[in-house]
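Notes follow once the structure below has been shown.
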Amino acid sequence: RAAIIASKIPGPAQEHVGSESNQCSLHHFQVSFHQLGWDHWIIAPNLYTPNYCKGACPRVLHYGLNSPNHAIIQNLVNELVDQNVPQPSCVPYKYAPISILLVEANGSILYKEYKDMIAQSCTCR
Amino acid sequence: KVGQPSTALLAEAPTLPLIQELLEEAPGKQQRKPQVQGHPMRYMLELYQRSADAHGHPRENRTIGATMVRLVRPLANVARTLRGPRHIQTLGFPLRPNWMAYQLIRATMVYHHHFHLAGFHLSCHVEPWVQKNPSNHFPSSGRGSSKPSLLSKSWTEMDITQHVQQRLWNHKGHRVLRLRFICQQQKGSEGLELPWHDMSSLDTAFLLLYFNDTHKSVQKAKLLPRGLEEFKKKDSSLLLQRAR
C-alpha cells in the first residue's frame, strides 16, 4: 500500500510547484520590549528578534526539515490509518540565547543570558 | 488576550522557567523602573556592551565567565567619620542566596580606589567588617590574589569570593554582607575639613555576584534502544526512501 501512496505523491519536481511558498520555514520577526510590556525593567537590548516558524508540513519531509522518523510515521498514520491524527507541525528546531540587562525590584542591576530565546531554524514534528 | 497587561499573562503561566523568573525578577508594572543611574548603571552598561552585541546576542569572546551577573548596591551606609583624614563607611549588601537555581562562581567588590571629592584627593580601599576584632585583610582567595585589580582607570575590582562563600552563601534566608570602605585624604589636603557627609550619597562601592545557572538543561535525549539506534545509523535513509 506504501507503493500506492508513493505513486500518488507528486515527484520531487512537482512537489516544488506552487506549494513551495507555504512550506514550513523560518519567518523573521522583531519586537520591542515596550510592545511586550516589559520596558519598565529591561534596559537592553531595545529590540528583540524571536522569529517564528510557519507553513505546511509536506507529506514528504525533505532533509532540510530535520524531521525525526516519528514525523514520517505520523504522516503515514494520518494518510493511511486515521485522519484524526494530525500531520506533523512546523515548529522551531534550533534556538539561540540572548543577553538581557535588567533592573530588579530592589534596585539591583542584572546581566543575564536567557537560553532558547531566538528561533534559528524550523522542523516538522 | 488583547489588552491584558503582560504581567497578568505571565501570572497565568507561571510554570514555564522564563515566566517564573520574570515573575520573580520583574518589578510589577505599577512599579516604575527603579531609578538606578550613575556609576552602577554605567558600569553594568559597559559590562553588557562587552558581553553582547546591539541585538542582545552574547559575544563569542565574552570574558565574564558567567551566565548571570548581579550588581548589588549597598543597603544603607553607616558612615562613621573619624576626625581628621580618615573616613570609614560600613556598607551592608543584601544577599538572596537563591542557591537552588544559581551557583555562585565569583564575588567581587568594585570601588573607586582614588577619587576627588570637593577638591580633596582621596585614596580608598575595602576591608571585611567583623563584629569584634575588625581584621583588615581578606583571606587570599584561591582564584588569584584578593589584591585589587585596577579595572578601567577609575574602578578597582577586588575578589572576595571566598569571604562571601565561607560566611554567607550556604546559609538559608536573607543575609547581609558587611564591608568597610575606608578613605584617606592624600598628602597636601590635611587640615581642611572634608565634607565627608557627601560621601554617603555617592555610589562609591558596589558588589558584583557572578553566577552560572544550575538548571539542568533539557535532559539529554535518552539513548535510543539499541535496535533503533543501529537503524538510525545505518539505514536512516531507508524509512525516508520507503516513504518517498
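Protein sequences, first through last, are from chains A and B. All residue numbers for the first sequence refer to my numbering, where the first residue is 1 and numbers rise by one. All residue numbers for the second sequence refer to my numbering, where the first residue is 1001 and numbers rise by one. Virtual Cβ for every residue (Gly too), placed ideally from N, Cα, C. Predicted model only: the values in this text are computed from it and were never measured.
I'd like the list of long-range same chain contacts for residue i, defined as Cβ closer than 7 Å, with 5 residues on each side in sequence excluded.
| i | result |
| --- | --- |
| residue 68 of chain A | 125 |
| residue 1051 of chain B | 1058, 1059, 1062 and 1064 |
| residue 23 of chain A | 55, 56 and 58 |
Check residue i in the structure and name its three-state DSSP category.
| i | result |
| --- | --- |
| residue 88 of chain A | coil |
| residue 1154 of chain B | coil |
| residue 79 of chain A | helix |
| residue 58 of chain A | coil |
| residue 1040 of chain B | helix |
| residue 1050 of chain B | helix |
| residue 65 of chain A | helix |
| residue 48 of chain A | strand |
| residue 1179 of chain B | strand |
| residue 1145 of chain B | Since pLDDT at residue 1145 of chain B reaches only 42, below the 50 mark, its modelled position is unreliable, and the value read off the structure follows with that caveat. Three-state result, residue 1145 of chain B: coil. |
Ends of the beta strand (DSSP E) at residue i?
| i | result |
| --- | --- |
| residue 26 of chain A | 25-27 |
| residue 1094 of chain B | 1086-1095 |
| residue 1209 of chain B | 1205-1213 |
Since residue i is in the alpha helix (DSSP H), which residue starts that stretch and which ends it?
| i | result |
| --- | --- |
| residue 71 of chain A | 69-76 |
| residue 1161 of chain B | 1161-1164 |
| residue 1112 of chain B | From DSSP, residue 1112 of chain B is part of no alpha helix (DSSP H) but of the beta strand (DSSP E) over 1102-1112. |
| residue 1057 of chain B | Run containing residue 1057 of chain B: none; DSSP gives neither H nor E here. |
So who's on the other strand from residue i, going by DSSP bridges?
| i | result |
| --- | --- |
| residue 111 of chain A | A/101 and B/1069 |
| residue 123 of chain A | A/91 |
| residue 1184 of chain B | B/1086 and B/1123 |
| residue 1128 of chain B | B/1179 |
| residue 1116 of chain B | B/1121 |
| residue 32 of chain A | A/47 |
For residue i, collect the residues of the same chain with a Cβ closer than 6 Å to its Cβ; drop the 5 residues on either side in sequence, then sort them by chain order.
| i | result |
| --- | --- |
| residue 91 of chain A | 53 |
| residue 27 of chain A | 52 and 54 |
| residue 48 of chain A | 31 |
| residue 978 of chain B | Within the shown structure, residues of chain B are numbered from 1001 to 1244, placing residue 978 of chain B beyond reach of any answer. |
| residue 1067 of chain B | 1212 and 1213 |
| residue 1155 of chain B | 1110 |
| residue 1210 of chain B | 1066, 1069, 1105 and 1106 |
| residue 1183 of chain B | 1087, 1122 and 1124 |
| residue 88 of chain A | 57, 71, 74, 124 and 125 |
| residue 112 of chain A | 100 |
Leaving out five residues before and five after residue i in sequence, what residues of the same chain have Cβ atoms less than 8 Å from its Cβ?
| i | result |
| --- | --- |
| residue 102 of chain A | 41, 42, 43, 109, 110 and 112 |
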